[in-house]
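Trainee: My numbering puts the first residue of the sequence shown at 13, with every later residue one more than the last.
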Amino acid sequence: MPNLRTARAARTAVAALALALAAPQGPADAAPPPPAPGPAGAAHPGSPGLIGSGPGDCGPGGEWPWDCVADCESSGRWAVNTGNGFYGGLQFRQPTWEEYGGLAFAPRADLAERVQQIRVAQEVLAGQGWNAWPVCSKRYGLAGRMHTVRSGDTLVTIARGRRVEGGWQALYEANRETIGPKPEAIAVGTLLLLPEPEPKPEPEPKPKPEPAAAAKPVPAPADAPRTVP
Numbered sequence: 013m014p015n016l017r018t019a020r021a022a023r024t025a026v027a028a029l030a031l032a033l034a035a036p037q038g039p040a041d042a043a044p045p046p047p048a049p050g051p052a053g054a055a056h057p058g059s060p061g062l063i064g065s066g067p068g069d070c071g072p073g074g075e076w077p078w079d080c081v082a083d084c085e086s087s088g089r090w091a092v093n094t095g096n097g098f099y100g101g102l103q104f105r106q107p108t109w110e111e112y113g114g115l116a117f118a119p120r121a122d123l124a125e126r127v128q129q130i131r132v133a134q135e136v137l138a139g140q141g142w143n144a145w146p147v148c149s150k151r152y153g154l155a156g157r158m159h160t161v162r163s164g165d166t167l168v169t170i171a172r173g174r175r176v177e178g179g180w181q182a183l184y185e186a187n188r189e190t191i192g193p194k195p196e197a198i199a200v201g202t203l204l205l206l207p208e209p210e211p212k213p214e215p216e217p218k219p220k221p222e223p224a225a226a227a228k229p230v231p232a233p234a235d236a237p238r239t240v241p
């Protein structure tokens, strides 16, 4: 015959377990929210500095925007050479690497250091814009041609070197939100948008000359009458 106390204790334990399972989950048991899309530094294309290491970033301590672009282009493998004609972390084509000064660092992009690849990429960015990386730049909302501020740069020297129409004033107006109220205070590493020149109006087509009137044939002179002796 079963022990009454043991049976009663067992029923109490089962009831307590059922109540615990039926109770709503607390915050600690709730599923975590999805990570915010895009890297932490992607809110403004001109923002310098490091990307954090939280969800949605391009890796711990990554540098915006180049580590993000490399993460998209090559999974962040700066020495990659898969034989497809694109090299390095930012997937340079060999003619592009040569045209923008890469040979000063290495024969190919995959043989250069990460910082050297970024230096060449900055020149490509100023010359071709983010269209040089069409898919990955779209992923991060990057567009236009940009100059990366280096030590000693001023808006005057940048506008002159990059041949900005309208000079430093046009350059400042295009980047007023990034630079702030003091155009003389630009931080090293900041990306400045290079304004595109205004399209020149196409010249009006010249009127076609009217064809010259055909010359009327001149009749041959009539033979003079002969005198009969």
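Using N, Cα and C, we set each Cβ at its ideal position, and we do this for glycine too.
1) Which of helix, strand or coil does DSSP assign to asparagine 143?
2) Tell me which same chain residues have a C-beta within less than 8 Å of the C-beta of asparagine 275, skipping the five on either side of it?
3) Between which two residues does the alpha helix (DSSP H) carrying threonine 169 extend?
4) Count the other CB atoms, across all protein chains shown, that sit within 10 Å of the CB of glycine 82; report buried if there are 16 or more and exposed otherwise.
5) Take every Cβ of the segment 188 to 203, pair it with every Cβ of the segment 118 to 128, and state whether three or more of those distances are shorter than 8 Å.
6) On the criterion of 16 or more Cβ atoms from any shown chain inside 10 Å, does glycine 113 qualify as buried, or is it exposed?
7) Tell me threonine 160's beta-bridge partners as DSSP assigns them.
8) CB-CB under 6 Å to alanine 91, same chain, minus the five flanking residues each way: which ones, in chain order?
9) Mind checking who tyrosine 99 pairs with in its DSSP beta bridge?
10) Are at least three pairs of beta-carbons, each pair with one atom in the segment 157 to 168 and one in the segment 130 to 138, less than 8 Å apart?
11) Count the other C-beta atoms from every protein chain shown that fall within 10 angstroms of the C-beta of leucine 115, then say buried if there are 16 or more, exposed otherwise.
12) Return the chain-ordered list of same chain residues with a C-beta closer than 7 Å to the C-beta of arginine 89, the five sequence neighbours on each side being excluded.
13) Please state the DSSP three-state secondary structure of proline 221.
14) Kindly indicate which three-state DSSP category glutamate 216 falls into: helix, strand or coil?
Mentor: This is what the structure holds:
1) For the purposes of this step, residue 143 is taken as the residue at position 131 of the sequence shown. In this structure, asparagine 143 counts as helix in the three-state DSSP scheme.
2) As shown, the chain starts at 13 and ends at 241. That puts residue 275 outside it, with no answer to give.
3) For the purposes of this step, residue 169 is taken as the residue at position 157 of the sequence shown. Element bounds for threonine 169: 167 to 173.
4) Taking the first residue of the sequence shown as position 1, residue 82 is located at position 70. The sequence shown places alanine at residue 82, not glycine. Label assigned to alanine 82: buried.
5) no
6) Locating residue 113 in the sequence shown gives position 101, counting from the first residue. Flag for glycine 113 reads exposed.
7) Here residue 160 refers to the residue found at position 148 when the sequence shown is read from its first residue. For threonine 160, which the question treats as bridged, DSSP gives the partners Leu203.
8) The residue labelled residue 91 in the question sits at position 79 within the sequence shown. Cβ neighbours of alanine 91 beyond the five flanking positions: Asp122.
9) The count along the sequence shown starts at 1 and reaches residue 99 at position 87. Answer by DSSP bridge pairing, in chain order: Asn93, Phe104.
10) yes
11) If you number the sequence shown from 1, residue 115 lands on position 103. Exposed is the call here.
12) To locate residue 89, count along the sequence shown from 1; it is residue 77. Answer for arginine 89: Gly101, listed in chain order.
13) As a first step, residue 221 must be located in the sequence shown, where it is residue number 209. Looking at proline 221 - three-state DSSP - the assignment turns out to be coil, as it is neither helix nor strand.
14) Reading the sequence shown from its first residue, position 204 is the one you call residue 216. Looking at glutamate 216 - three-state DSSP - the assignment turns out to be coil, as it is neither helix nor strand.
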